[in-house]
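The structure appears right after this line, and notes come after that.
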Amino acid sequence: LVPTERHATVAGAVIEEVPSLRGNLMHDAQTAVLMREHGIRQIYTRDTDFHRFPFVTPLDPVAGAS
């Protein structure tokens, strides 16, 4: 995914919506911003930090695997 012309606006909104973004969470925030820009709502990941973003639905790719 690449940033769109709305990137700065969307990033600013996410920073306001999700308090305490800093450090390692900034990488997740960048991914979440790009997802929002492109209308993507779900991500397969075991990274529980994505639960911080109310507009992202993290899906555990290992859950239910036998």
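Using this note's numbering, count along the sequence shown one by one with no gaps and you end on 66.
The beta carbon of each residue, even a glycine, is placed where N, CA and C say it ideally should be.
Everything numeric in this text was worked out from a predicted model, so none of it was measured.
Nearest to residue i (by Cα), restricted to the options the options
i, options, result
"M35", "T9, H51, F55, E5", "F55"
"L21", "L59, F50, H7", "F50"
"F53", "G64, T31, V62, A63", "T31"
Within 8 angstroms, strictly: CB atoms of residue i and residue j
i, j, result
"V101", "V33", "Coverage of the chain is limited to positions 1 through 66, which leaves residue 101 absent and any answer about it impossible."
"Y44", "L59", "yes"
Range of the contiguous alpha helix (DSSP H) that encloses residue i
i, result
"I40", "That residue, I40, is in no alpha helix (DSSP H); it is neither H nor E in DSSP."
"T9", "7 to 17"
Residues near residue i by beta carbon distance below 7 angstroms, same chain, minus five either side
i, result
"T57", "R41, Q42"
"D28", "D47, D49, F50"
Residues near residue i in its chain [Cβ-Cβ closer than 8 angstroms; skip 5 each side]
i, result
"R6", "E37"
Opposing strand residues paired with residue i [DSSP bridges]
i, result
"P58", "I43"
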